[in-house]
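Contents: one structure, followed by commentary.
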Ligand code: FES
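Numbering (the working numbering), first residue to last: 6 to 208.
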């Protein structure tokens, strides 16, 4: 096992569960951050830490799409194409993003700036079509706005992307517009996840 497995946070995670097997998901997340994505070595480490078999760890990692099995670009653009978003033009939004970012669905752009993926429902059906960038949500996105968002990312290379800001710039109708803004409410204006940026030069 590699050095990350002796980190204090690993000890803390393992200590949070009466059965260490239950720690498989947070440990996979930490391992993925260490290795850049969910590599075979990462899964092997988690298996040894939890006492699960490699096959069991792999079955968890392969079920949840947020455990990436390959390097991911600086900006992971996820486009919902499930029923509500499909009916509201999600496929056109995906096509616009693929074209503007020069990144086919399921792939990462040369240099690693963009990864593009279509995803199942991301819980924003009332604001369809919905898009996420590094898991920050933008709702009511039209194809032209999606293109503008790609250009904004490419030209500005923001270190962090925030849902409220992207919603203001590129979004339309939201599911709920009465919630506190990230800059005003209980939540700090922090990104949901640190960017991956594990493929190519990224920025
Ligand atoms: S169908 Fe797209 S967010 Fe639910």
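Note that CB positions come from ideal geometry on N, CA and C, so glycine has one too.
Given the structure is predicted, the values throughout are model-derived calculations rather than measurements.
If we count the other Cβ atoms within 10 Å of its Cβ and call it buried at 16 or more, is residue i buried or exposed?
i           : result
residue 88  : exposed
residue 117 : buried
residue 175 : buried
residue 93  : buried
residue 22  : exposed
residue 69  : exposed
residue 18  : buried
residue 128 : exposed
residue 150 : buried
Just the Cα atoms here: how many angstroms apart are residue i and residue j?
i           : j           : result
residue 34  : residue 12  : 14 Å
residue 40  : residue 115 : 21 Å
residue 36  : residue 51  : 7 Å
residue 145 : residue 54  : 43 Å
residue 8   : residue 81  : 28 Å
residue 124 : residue 72  : 13 Å
residue 84  : residue 20  : 37 Å
residue 152 : residue 119 : 13 Å
Verify whether the separation of the beta carbon atoms of residue i and residue j is less than 8 Å.
i           : j           : result
residue 62  : residue 15  : no
residue 59  : residue 49  : yes
residue 141 : residue 168 : yes
residue 156 : residue 105 : yes
residue 78  : residue 113 : yes
Going by DSSP, what residues sit across from residue i in a beta bridge?
i           : result
residue 236 : A question about residue 236 goes unanswered here, because the residues of the chain that appear run from 6 up to 208.
residue 81  : 120
Kindly indicate which three-state DSSP category residue i falls into: helix, strand or coil?
i           : result
residue 119 : strand
residue 10  : helix
residue 58  : coil
residue 113 : strand
residue 23  : coil
residue 157 : helix
residue 87  : coil
residue 73  : coil
residue 181 : coil
**Report entry** Residues with C-beta closer than 7 Å to any heavy atom of the ligand SAH, in chain order
**Finding:** As far as ligands go, the structure on display features the ligand FES and does not contain the ligand SAH.
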